[in-house]
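Beneath this line is the structure, given in structure tokens, with notes to follow.
There are 2 protein chains.
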Amino acid sequence: MDKVSSTVEEYLKTILRLEEKFEIAKTSVLAEVLKVALGTVTNTVEKLEKQGLVIHEPYKGIKLTEKGRKIALEVLRRHRLSERLLTDLLGVDWSRAHEIACKLEHNLPNDILKNLEKVLGHPKTCPHGNPIPTSCGEIFEESSEPLLNLKQGDVGIIVKITEEEKEILEHLRKFKLIPGSLVKVLEKTSVDSLMKVKVEDVEAFLSFRLASIINVKKV
Amino acid sequence: MDKVSSTVEEYLKTILRLEEKFEIAKTSVLAEVLKVALGTVTNTVEKLEKQGLVIHEPYKGIKLTEKGRKIALEVLRRHRLSERLLTDLLGVDWSRAHEIACKLEHNLPNDILKNLEKVLGHPKTCPHGNPIPTSCGEIFEESSEPLLNLKQGDVGIIVKITEEEKEILEHLRKFKLIPGSLVKVLEKTSVDSLMKVKVEDVEAFLSFRLASIINVKKV
DNA sequence: ACTTTAAATAAGTTTCTTCTAAAAAATATG
DNA sequence: CATATTTTTTAGAAGAAACTTATTTAAAGT
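Heads up: the protein sequence lines correspond to chains B and U, in order. All letters in the first sequence, in the order written, are residues 0 to 218 by numbering that gives the first Met the number 0. All letters in the second sequence, in the order written, are residues 0 to 218 by numbering that gives the first Met the number 0.
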């Protein structure tokens with residue numbers, strides 16, 4: 000139950016999210032997400048391994064141990080509840096909540112999260128639709144798939160946005176591409192990797208890249 | 000308007016509070032409050048001086064420059080609003096709010112403070128009675144004096160607690176020694192440096208040390 | 001005025017996080 | 001299959017923030 004630094008927490012949280020997405024976290028992706036140099040990641044991961052938080056297979060990737068996963072889930076819980084605090088209670092914009100929460104999350108003691116959760120009315124997800132782990136470390140994930148998977152004519156409800164960079168979120172909101180919105184695929188043109196969709200009666204164009212980070216539930 | 004580290008913010012905030020209390024901040028006191036070694040303070044203060052944030056007269060003490068004071072007031076504002084957030088919105092205990100806020104304060108962007116302030120109902124003071132600087136950097140201080148100054152038979156209303164260590168606050172609350180309480184001095188015995196007081200109809204004993212950090216307004 | 005004591009400083013380490021540049025391994029290409 | 005390219009790792013160094021110890025300096029007491 001040793002206390003870890005903010006940096007270590009940030010690494011573990013990111014590894015967890017990458018595992019969910021790609022089964023394994025590669026150092027190159029970690030470096031990109033964390034915005035640090037490649038060598039830095041290798042060095043830091045080596046230390047994480049020494050602390051028994053991850054297992055690193057060189058040239059393959061990184062996986063959390065049970066111990067690491069436990070901490071990562073705690074951090075993710077703090078992160079997503081912080082986001083809710085910011086948007087629901089403090090009126091912070093959807094697009095900024097993520098980056099502020101990345102700092103706050105390391106300075107909220109676990110034991111006040113229960114209070115926070117209650118005040119917020121026990122939200123199931125963060126403002127971007129991603130599930131909030133329970134205090135026991137469980138995640139209840141609503142089934143969904145990337146909007147990109149849908150075919151012409153398919154209709155779905157947006158469940159979550161899986162990347163939370165400020166610029167991306169600002170852009171998405173302009174087109175009402177937010178959890179709960181109804182989306183219909185009008186056209187998929189692979190030539191220029193664009194998707195034409197209708198969101199709540201307004202038409203919009205999406206790059207495949209963006210369509211891949213929006214998860215929907217088909218209806 | 001260069002951005003400073005959490006450590007620097009913490010130093011500036013502490014120097015401001017010591018200035019308020021003693022006119023000047025001595026390195027030894029700084030070291031004690033910040034819980035770091037004496038040498039560390041000298042080193043750090045030297046850096047602060049290079050950045051034009053303080054003026055250090057060796058063997059005399061440290062004073063904030065205008066630039067340093069401006070930052071310190073911002074930090075203090077963030078600190079005290081964070082404390083209110085913790086106690087009023089998140090149900091955190093009076094005695095723990097201070098130490099948690101010491102971390103949070105460095106990760107709250109200034110521009111969301113206005114929202115926070117509004118949500119909280121524009122409180123004038125922190126939960127311990129100390130004034131919250133305005134967004135313009137002004138402090139409106141209610142006049143008060145240490146309880147220690149009062150003589151036998153004097154009566155006052157507690158205005159603020161000027162030190163916010165967890166153990167101290169836990170102890171004070173047991174005796175209802177909190178802002179707003181009515182205190183009457185029953186006896187002052189200088190032999191053993193104790194003060195007998197009546198707080199809201201209950202009797203209690205206070206060391207001179209504690210009586211010096213409780214500020215009251217005579218009635 | 002001299003000595004003692006307390007405070008301030010200087011110098012050398014340690015830990016943490018990061019970087020860059022060079023070497024090694026894995027993957028892709030002709 | 002051998003070479004080229006990309007990706008990953010290793011190694012060395014740097015900056016920030018802290019500590020300890022030893023020395024210097026100022027203030028206080030006799």
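The beta carbon of each residue, even a glycine, is placed where N, CA and C say it ideally should be.
(request) State the start and end residues of the unbroken alpha helix (DSSP H) segment that holds Ile212 (chain U). (result) Walking along the second sequence from the start, residue 212 (chain U) turns up at place 213. Its alpha helix (DSSP H) spans residues Phe207 to Ile212.
(request) For the beta strand (DSSP E) containing Glu163 (chain B), list its first residue and its last residue. (result) The count along the first sequence starts at 1 and reaches residue 163 (chain B) at position 164. Looking at the DSSP string, Glu163 (chain B) is not in any beta strand (DSSP E), and its letter there is neither H nor E.
(message) Which residue marks the beginning of the beta strand (DSSP E) containing Glu56 (chain U), and which one marks its end?
(response) What you label residue 56 (chain U) is simply residue 57 of the second sequence in a count that begins at 1. Taken as a continuous stretch (DSSP letters only), the beta strand (DSSP E) holding Glu56 (chain U) covers Val53 to Glu56.
(request) Can you grab the Cα-Cα spacing for the pair Glu19 (chain U) / Ile54 (chain U), in whole Å? (result) By 1-based counting over the second sequence, the position of residue 19 (chain U) is 20. By 1-based counting over the second sequence, the position of residue 54 (chain U) is 55. If you take the alpha carbons of Glu19 (chain U) and Ile54 (chain U), they lie about 16 Å apart.
(message) Using only CA atoms, which one of B:Pro57, B:Val184, B:Val44 and B:Leu85 lies nearest to Gly67 (chain B)?
(response) In the first sequence, residue 67 (chain B) corresponds to position 68, counting from 1. Among B:Pro57, B:Val184, B:Val44 and B:Leu85, the Cα nearest to that of Gly67 (chain B) belongs to B:Val44.
(request) For Ala36 (chain B), name the three-state secondary structure that DSSP assigns. (result) Mapped onto the first sequence, residue 36 (chain B) falls at position 37. The answer is coil: DSSP assigns Ala36 (chain B) none of H, G, I, E or B.
(request) Could you tell me which of B:Gly120, B:His78, B:Arg77 and B:Val158 sits nearest to Glu141 (chain B), measuring between CA atoms? (result) To locate residue 141 (chain B), count along the first sequence from 1; it is residue 142. Nearest option by C-alpha distance: B:Val158.
(message) Is the beta carbon of Val201 (chain U) closer than 9 Å to that of Met231 (chain U)?
(response) Lying outside 0 to 218, the shown extent of chain U, residue 231 (chain U) is not represented and no answer is given.
(message) Measuring alpha carbon to alpha carbon, tell me which residue in U:Lys113, U:Val196, U:Ser5 and U:Glu186 is nearest Cys135 (chain U).
(response) One-based indexing of the second sequence puts residue 135 (chain U) at position 136. The shortest Cα separation from Cys135 (chain U) among U:Lys113, U:Val196, U:Ser5 and U:Glu186 belongs to U:Lys113.
(message) Could you pull the DSSP bridge partners for Phe174 (chain B) from this structure?
(response) The residue labelled residue 174 (chain B) in the question sits at position 175 within the first sequence. In DSSP, Phe174 (chain B) forms no bridge with anything.
(request) Using beta-carbon positions only, say whether Val240 (chain B) and His105 (chain B) come within less than 9 Å of one another. (result) Because chain B is modelled from 0 through 218, residue 240 (chain B) falls outside the range shown and cannot be assessed.
(request) Please compile the residues from chain U whose C-beta is within a distance smaller than 7 Å of the C-beta of Asn109 (chain B). (result) Translated into positions along the first sequence, residue 109 (chain B) becomes position 110. Residues of chain U passing the Cβ test: none, with the nearest at roughly 12 Å.
(request) Can you give me the start and stop residues for the alpha helix (DSSP H) that Lys69 (chain U) sits inside? (result) Taking the first residue of the second sequence as 1, we reach residue 69 (chain U) at position 70. Taken as a continuous stretch (DSSP letters only), the alpha helix (DSSP H) holding Lys69 (chain U) covers Glu65 to Arg83.
(message) What residue range does the beta strand (DSSP E) around Thr188 (chain B) cover?
(response) In the first sequence, the residue the question calls residue 188 (chain B) occupies position 189. Looking at the DSSP string, the run of the beta strand (DSSP E) that includes Thr188 (chain B) is Leu181 to Thr188.
(message) Nearest by alpha-carbon distance to Asp191 (chain U): which of U:Lys197, U:Phe204, U:Leu84 and U:Gly38 is it?
(response) The residue you call residue 191 (chain U) lines up with position 192 of the second sequence. Checked all of U:Lys197, U:Phe204, U:Leu84 and U:Gly38; the closest Cα to Asp191 (chain U) is U:Phe204.
(request) Closer than 8 Å by beta-carbon distance: list the chain U residues that pair up with Leu103 (chain B), in chain order. (result) Within the first sequence, residue 103 (chain B) is the residue found at index 104, counting from 1. The contacting residues are Leu103, Asn106 and Leu107.
(request) Please decide whether Leu75 (chain B) counts as near chain U, where near means a Cβ-Cβ distance under 9 Å. (result) Here residue 75 (chain B) refers to the residue found at position 76 when the first sequence is read from its first residue. Chain U, which has no Cβ nearer than 9 Å to the Cβ of Leu75 (chain B), makes this no.
(request) With 9 Å as the C-beta to C-beta threshold (strictly closer), list the residues of the region 80-94 of chain B near chain U in chain order. (result) Leu84, Leu85, Leu88, Leu89, Gly90 and Val91
(request) For the region 166-185 of chain U and the region 114-123 of chain U, state whether three or more C-beta atom pairs, one from each stretch, are separated by less than 8 Å. (result) no
(request) Taking only beta-carbon positions, decide if Asn114 (chain U) is within less than 9 Å of chain B. (result) Counting from 1 along the second sequence, the entry for residue 114 (chain U) is found at position 115. Chain B, which has a Cβ nearer than 9 Å to the Cβ of Asn114 (chain U), makes this yes.
(request) Compare the C-alpha of Glu164 (chain B) against each of B:Lys59, B:Lys217, B:Glu31 and B:Arg76 and name the closest. (result) Here residue 164 (chain B) refers to the residue found at position 165 of the first sequence. Residue B:Glu31 is the option with its Cα nearest to Glu164 (chain B).
(message) Our contact map puts Leu63 (chain U) next to Ile14 (chain U) with C-beta atoms below 8 Å; I'd like the distance itself, whole angstroms only.
(response) The sequence position of residue 63 (chain U) within the second sequence is 64, counting from 1. The sequence position of residue 14 (chain U) within the second sequence is 15, counting from 1. About 6 Å; that satisfies the 8 Å criterion.
(request) Check the DSSP bridge columns for Glu144 (chain U) and list the partner residues they point to. (result) Residue 144 (chain U) sits at position 145 when you count from the first residue of the second sequence. Answer by DSSP bridge pairing, in chain order: U:Val215.
(message) Suppose the cutoff is 7 Å on Cβ atoms and the five residues either side in sequence are ignored; what does the same chain contact list for Leu115 (chain U) look like?
(response) The residue you call residue 115 (chain U) lines up with position 116 of the second sequence. So the qualifying residues of the chain are Leu80 and Leu84.
(message) Can you look up Leu193 (chain U) in the DSSP assignment and give me helix, strand or coil?
(response) Reading the second sequence from its first residue, position 194 is the one you call residue 193 (chain U). It is a strand residue.
(message) Using a Cβ-Cβ cutoff of less than 8 Å, which residues in the same chain neighbour Val151 (chain U) once the five nearest sequence positions on both sides are dropped?
(response) Against the second sequence, residue 151 (chain U) aligns to sequence position 152. According to the sequence provided, residue 151 (chain U) is Gln. The question's Val does not apply to it. Contacts found: Val184, Leu185, Glu186 and Lys187.
(request) Would you kindly report the start and end of the unbroken alpha helix (DSSP H) that includes Lys102 (chain B)? (result) Along the first sequence, one-based indexing puts residue 102 (chain B) at 103. Taken as a continuous stretch (DSSP letters only), the alpha helix (DSSP H) holding Lys102 (chain B) covers Trp93 to Leu103.
(request) Can you pull the chain B residues whose beta carbon is under 9 Å from the beta carbon of Lys118 (chain U), in chain order? (result) Translated into positions along the second sequence, residue 118 (chain U) becomes position 119. Lys is not the amino acid found at residue 118 (chain U); the sequence shown has Val there. By Cβ distance, chain B contributes Leu88, Leu89 and Gly90.
(request) Starting from Val7 (chain B), follow the alpha helix (DSSP H) in both directions and report where the run begins and ends. (result) For the purposes of this step, residue 7 (chain B) is taken as residue 8 along the first sequence, with counting starting at 1. Its alpha helix (DSSP H) spans residues Ser5 to Phe21.
(request) Output, in chain order, the set of chain B residues within a Cβ distance shorter than 9 Å of Ile99 (chain U). (result) Translated into the one-based positions of the second sequence, residue 99 (chain U) becomes position 100. Here the neighbours are Asn106, Leu107, Pro108 and Ile111.
(message) Check for me: the alpha helix (DSSP H) holding Lys117 (chain U) runs from which residue to which?
(response) Here residue 117 (chain U) refers to the residue found at position 118 when the second sequence is read from its first residue. Where Lys117 (chain U) is concerned, the enclosing alpha helix (DSSP H) stretches over Leu112 to Leu119.
(message) If I measure Cβ to Cβ from Val91 (chain U) and keep anything under 8 Å in the same chain, skipping five residues before and after, which residues do I get?
(response) In the second sequence, residue 91 (chain U) corresponds to position 92, counting from 1. Cβ neighbours of Val91 (chain U) beyond the five flanking positions: Leu85 and Ile99.
(message) Would Leu181 (chain U) and Ile213 (chain U) qualify as a contact pair, given that the criterion is a beta-carbon distance under 9 Å?
(response) Translated into positions along the second sequence, residue 181 (chain U) becomes position 182. Translated into positions along the second sequence, residue 213 (chain U) becomes position 214. Not closer than 9 Å, so no.
(message) Can you check which of these residues, U:Val28, U:Ala96 and U:Arg16, is closest to Glu166 (chain U) by C-alpha distance?
(response) Here residue 166 (chain U) is taken as the residue at index 167 of the second sequence, counted from 1. The residue with the shortest Cα to Cα distance from Glu166 (chain U) is U:Ala96.
(message) Please report the distance separating the alpha-carbon of Leu89 (chain U) from that of Lys59 (chain U).
(response) By one-based count along the second sequence, residue 89 (chain U) stands at place 90. By one-based count along the second sequence, residue 59 (chain U) stands at place 60. Those two C-alpha atoms are separated by around 42 Å.
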